[in-house]
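Quick notes on the structure that follows.
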Amino acid sequence: MSESNISETPKVASNFIKVIINDDLKTNKYDGRVHTRFPPEPNGYLHIGHAKSICLNFGLAKEYAGLCNLRFDDTNPTKEDVEYVDSIKEDVRWLGFDWEDREYFASDYFDRLYELAEQLILKGKAFVCELTQDQMRQYRGTLTEPGINSPFRDRTIDENLELFRKMKNGDFPDGAMVLRAKIDMSSPNVNMRDPIIYRIRRDHHHRTGDKWCIYPMYDFTHCISDSIEFITHSLCTLEFENNRPLYDWFLIELGLYRPQQIEFARLNLNFTVLSKRKLLKLVEDNFVDGWDDPRMPTITGLRRRGYTPEAVRNFAEMVGVAKADSIVDMGMLEFSVRKHLNSTANRAMAVLNPVKIVITNFPEGQKEILEAVNNPEDESKGVRNIPFTREIFIEREDFMEEPQKKFFRLSPGREVRLRYAYIIMCNEVIKDEHGNITELHCTYDAETKSGTSSETRKVKATLHWVSASECFDAEVRLYDNLFMKENPNSVEDGKEFTDNLNPDSLKIISNCKLEPSLRDSNSGDRFQFERLGYFCVDSKHSTLDHPVFNRIVTLKDTWTKIQAKEA
RNA sequence: UGCCCUGUAGUGUAACCGGCAACACGUCUGAUUCUGGAUCAGAAGAGUUCAGGUUCGAGUCCUGACGGGGCAGCCA
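Residues 14 to 580, numbered by this note's numbering, are exactly what the first sequence covers, in order.
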């Protein structure tokens, strides 16, 4: 094998869609174009599953030097709203994608769609049907039995045309009749049993207002919209596989340019739900604080939680694209944020559950300024000052009066280092009348200041801390999985998914002690609180007087793992 | 008892026209470390759902089972 032309080795396609595109490029199927689209229905907020689709569609376009449109699939006025189109645009933009001037709405095509429907009638391929919903269901047959033809199937073209025009003009009440494609009532694919193309529905549309009282169905609209936009690869999720023959049928019958529909498996994540209906329920029944609740798997929730677009994009890359349904471990998403934040987030010290330490040999009223590195992974982030005083706070969990094995933090008679400061030794445990620890009395070794070359002593642990007199209070919100079960949808009879909600998914801790430099932080700023995790200034509730930090994700924690194992 | 899709370590994906299964997460060692973080080195873990067949050779091709998912909205 020749090794001389490594640089010319073609990039191996890493998913089945790229294989298809590579092949199409080779055969020049679309003149070398790659043009995708992201087609959300504006009836809900986008979630991490949509992010996968967005990254796929925009990512493919970018990789192949093509284009990706943003198109709102707004053919059902009863469920859609501008609130959602605005949020969708914001979310896609936040993820880092740009559709430039290619912002489309299926409703922009209503005139054209109507015209094409008439064309189908003229071709004898569509008819107006007056069966009631119940009747139509009966006529449709079942999954195992063929359907039977509607008695209205053989109307004349003129009659169909006239009725359809009347439908459009509002001559009939809602639901009185529909326009149907004339395909095959005995098709094993139920989608092909004379599917509905237009229904009468007097509803105010968020864009077209009251111009229409008939609205086209998804199957008719989607393929034609793709065709109008000259899309090459129309990516959608698996549940549309059975609709593909219909997608093709309309375009073939109408003689239109034909994109190809390719289906891939939607994203599933454990410990959460990813269905619009269920997310809507969580919001409407106030199980959460809204669409942007930091526990929600929505893009806006992840954003408020403190996730970065880079992390989400990287995650989408990690999980890949395939046709088999699967459930991705939440741990992968968390890995992805940690990885990004490790290199970008400045470090700071915060004590969530404080216990006071008095350094008995440090002069009262004295304040020493110490220097701390902002990000050990990135020297350019510089340093900051930290005040050191006689009284400080450390984390209550970092002290154990009777240390269990493998615990090598502070305990009586033991030494630990204070991050960026000195080594201290615990001499005395002060308790109240109930036996609760109120203070620890320690002494520090002035020779062990961080960064001094004289310091050679090794201690087993380094603790984070803040000066008791110089720190300030803040509220910290700790988040855990929204659901207790890996699969929240598995419920016993009579229960529903909300019964699997994790009662401890949010813990609000008041009066946490933060180092003074954190005072300058702004909404959305992210930090690593050393030894604790990554945190973000809450964009909704944080104020100067009442700072609120969200925990984005914990640090990888081998200690709790050890503890769990010992137990 | 219809049709469509799908089945590769614990999880998610890869393996070009058949050539002795790779990557990531996770797990476990060890090194290192002023974050029990990060980093570095290494390990374990699948013989590709099963049974046949074709072939010198099959995760890749064929046949048949079995498992999982989807489809009977005037939703998308």
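Ideal Cβ positions, reconstructed from N, Cα and C, are used throughout, including at glycine.
It should be emphasised that the depicted structure is a prediction, and the values quoted were computed from it without experimental measurement.
(message) Short of 6 Å in beta carbon distance, which residues of its chain neighbour GLY109, apart from the five on each side in sequence? Order them along the chain.
(response) Residue numbering aside, residue 109 sits at position 96 when the first sequence is read from its first letter. Here the set comprises PRO322.
(message) For a test of the three-state rule: what should DSSP assign to ILE340, helix, strand or coil?
(response) Along the first sequence, one-based indexing puts residue 340 at 327. Coil at ILE340, not helix or strand.
(request) Have a look at LYS553, THR573, GLY546 and flag the residue whose alpha-carbon is nearest the alpha-carbon of THR567. (result) Residue 567 sits at position 554 when you count from the first residue of the first sequence. For THR567, the nearest C-alpha among the options comes from GLY546.
(request) Measure from the alpha carbon of LYS526 to the alpha carbon of each residue in ASN374, ILE407, PHE328, then state which is nearest. (result) Residue mapping note: residue 526 aligns to position 513 of the first sequence, counting from 1. Nearest to LYS526 by C-alpha distance, out of ASN374, ILE407, PHE328, is ILE407.
(request) Would you identify the three-state DSSP class for PHE51, choosing helix, strand or coil? (result) To locate residue 51, count along the first sequence from 1; it is residue 38. Three-state DSSP puts PHE51 in a strand.
(request) Report the option in LYS508, LEU491, TYR228 whose CA atom is closest to the CA atom of LEU126. (result) Counting from one through the first sequence, the residue named residue 126 turns up at place 113. If we check each option's Cα against that of LEU126, TYR228 comes out closest.
(request) Can you tell me which of the three DSSP states ASP533 falls into? (result) Here residue 533 refers to the residue found at position 520 when the first sequence is read from its first residue. The answer is helix: DSSP assigns ASP533 an H, G or I state.
(request) Could you give the DSSP three-state label for ASP486: helix, strand or coil? (result) Within the first sequence, the letter at position 473 stands for residue 486. ASP486: strand per DSSP, three-state reduction.
(request) For the stretch 242-258 and the stretch 272-280, state whether three or more C-beta atom pairs, one from each stretch, are separated by less than 8 Å. (result) In short, these stretches touch, since the Cβ pair count reaches three.
(request) Starting from THR573, trace the beta strand (DSSP E) both ways and give me its first and last residue. (result) The residue you call residue 573 lines up with position 560 of the first sequence. First-last for THR573: 571-579, but that is the alpha helix (DSSP H), not the beta strand (DSSP E).
(message) Less than 8 Å between C-beta atoms, sequence neighbours within five positions excluded: which residues of the same chain meet that for THR22?
(response) Reading the first sequence from its first residue, position 9 is the one you call residue 22. Confidence at THR22 is low in this model, with a pLDDT of 36, below 50, so the placement of that residue is unreliable and no value is reported for it.
(request) Note the first and the last residue of the continuous beta strand (DSSP E) segment covering PRO322. (result) Reading the first sequence from its first residue, position 309 is the one you call residue 322. Premise fails: PRO322 lies in the alpha helix (DSSP H), 322-332, not in any beta strand (DSSP E).
(request) May I ask which residues mark the beginning and end of the alpha helix (DSSP H) holding ASP104? (result) Reading the first sequence from its first residue, position 91 is the one you call residue 104. ASP104 -> alpha helix (DSSP H) spans 95-107.
(request) Measure the alpha-carbon distance for TRP107 versus THR313 and round it to whole angstroms. (result) Locating residue 107 in the first sequence gives position 94, counting from the first residue. Locating residue 313 in the first sequence gives position 300, counting from the first residue. Approximately 9 Å, taken between the alpha carbons.
(request) Round the Cβ separation of ARG318 and ILE67 to the nearest angstrom and send it over; I've been treating them as touching at under 8 Å. (result) The residue given as residue 318 occupies position 305 in the first sequence. The residue given as residue 67 occupies position 54 in the first sequence. In this structure, ARG318 and ILE67 do not form a Cβ contact; the two beta carbons are roughly 18 Å apart against a cut-off of 8 Å.
(request) State the start and end residues of the unbroken alpha helix (DSSP H) segment that holds PHE71. (result) In the first sequence, residue 71 corresponds to position 58, counting from 1. Residue range 61-76 is occupied by the alpha helix (DSSP H) that includes PHE71.
(message) Within 10 Å of its beta-carbon, does GLN146 have 16 or more other beta-carbons around it, so buried, or fewer, so exposed?
(response) Position 133 of the first sequence, counted from the first residue, corresponds to residue 146. Exposed, by the Cβ-count rule.
(request) Specify the secondary structure class of PHE284 as computed by DSSP and reduced to three states. (result) Walking along the first sequence from the start, residue 284 turns up at place 271. Three-state DSSP puts PHE284 in coil, outside helix and strand.
(request) Could you tell me how far apart the beta carbons of GLU131 and PHE177 are, in whole angstroms, since I believe they sit closer than 8 Å? (result) Along the first sequence, read from residue 1 onward, the residue named residue 131 stands at position 118. Along the first sequence, read from residue 1 onward, the residue named residue 177 stands at position 164. Contact holds; Cβ gap of about 7 Å.
(request) Measure the Cβ-Cβ separation of PHE29 and LYS352 and say whether it is below 8 Å. (result) Mapped onto the first sequence, residue 29 falls at position 16. Mapped onto the first sequence, residue 352 falls at position 339. No; because the gap between Cβ atoms is not below 8 Å, this pair is not in contact.
(message) Rounded to whole angstroms, what is the Cα-Cα separation between HIS447 and LEU453?
(response) Residue mapping note: residue 447 aligns to position 434 of the first sequence, counting from 1. Residue mapping note: residue 453 aligns to position 440 of the first sequence, counting from 1. Rounded to the nearest angstrom, the two C-alpha atoms are 16 Å apart.
(message) Residues in the same chain with beta-carbon distance under 7 Å from THR461, minus the five sequence neighbours each way, listed in chain order, please.
(response) Mapped onto the first sequence, residue 461 falls at position 448. So the list reads TYR435, ILE436, GLU468, ARG470, once near-sequence residues are dropped.
(request) Examine the Cβ distances between the stretch 524-540 and the stretch 393-411 and report whether three or more of them are shorter than 8 Å. (result) The way I'd put it, the stretch 524-540 does touch the stretch 393-411; three or more beta-carbon pairs between them come closer than 8 Å.
(message) DSSP has TRP478 in a bridge; who is on the other side?
(response) Translated into positions along the first sequence, residue 478 becomes position 465. Residue pairing for TRP478: DSSP places it in a beta bridge opposite ILE407.
(message) Just verifying my parser: in three-state terms, what is the DSSP assignment at TYR43?
(response) Along the first sequence, one-based indexing puts residue 43 at 30. In the displayed model, TYR43 falls within coil according to three-state DSSP, outside both helix and strand.
(message) Once the 5 residues before and after SER536 are set aside, which same chain residues still bring their CB inside 7 Å of it?
(response) As a working mapping, residue 536 is identified with position 523 in the first sequence. Counting only Cβ-Cβ distances below 7 Å, and skipping sequence neighbours, we find VAL550, SER552, SER555.
(request) Report back the beta-carbon spacing between ILE34 and TYR77 to the nearest angstrom; my notes put them in contact at under 8 Å. (result) Counting from one through the first sequence, the residue named residue 34 turns up at place 21. Counting from one through the first sequence, the residue named residue 77 turns up at place 64. Yes, ILE34 and TYR77 are in contact; Cβ-Cβ is about 6 Å, under 8 Å.
(request) Could you check if ASP533 is buried or exposed, using at least 16 other CB atoms within 10 Å of its CB as the buried criterion? (result) By 1-based counting over the first sequence, the position of residue 533 is 520. Result: exposed.
(message) Tell me whether the stretch 49-56 and the stretch 297-313 touch, counting them as touching only if at least three CB pairs, one residue from each stretch, are closer than 8 Å.
(response) Contact between the stretch 49-56 and the stretch 297-313 is absent, because fewer than three Cβ pairs lie under 8 Å.
(request) For VAL32, count neighbouring C-beta atoms within 10 Å of its own C-beta (all shown protein chains included) and say buried if the count is 16 or more, exposed if not. (result) Along the first sequence, one-based indexing puts residue 32 at 19. VAL32 should be labelled exposed.
(request) Counting only runs of 4+ residues fully inside the stretch 202-274, write out the alpha helix (DSSP H) ranges in chain order. (result) Within the stretch 202-274, the alpha helix (DSSP H) runs of at least 4 residues that lie entirely inside it are, in chain order, 231-241, 257-267.
(request) Using the DSSP secondary-structure output, state which residues sit across from ALA385 in a beta bridge. (result) For this step, residue 385 is matched to residue 372 along the first sequence. Paired residue(s): ARG397.
(request) May I ask you to verify whether the stretch 326-333 touches the stretch 497-516, counting CB pairs closer than 8 Å and requiring at least 3? (result) Touching, no.
(request) Count the other C-beta atoms from every protein chain shown that fall within 10 angstroms of the C-beta of LYS65, then say buried if there are 16 or more, exposed otherwise. (result) Looking up residue 65 in the first sequence gives position 52. Label assigned to LYS65: buried.
(request) Under 7 Å Cβ to Cβ from LEU129, same chain only, skipping five residues before and after it: list those, please. (result) Locating residue 129 in the first sequence gives position 116, counting from the first residue. Contacts found: ILE237, LEU267.
(request) Could you check how far apart the C-beta atoms of THR88 and ALA119 are, in whole angstroms? I think they sit under 8 Å. (result) In the first sequence, the residue the question calls residue 88 occupies position 75. In the first sequence, the residue the question calls residue 119 occupies position 106. Contact check for THR88 and ALA119: beta-carbon distance about 5 Å, within the 8 Å limit, so the pair qualifies.
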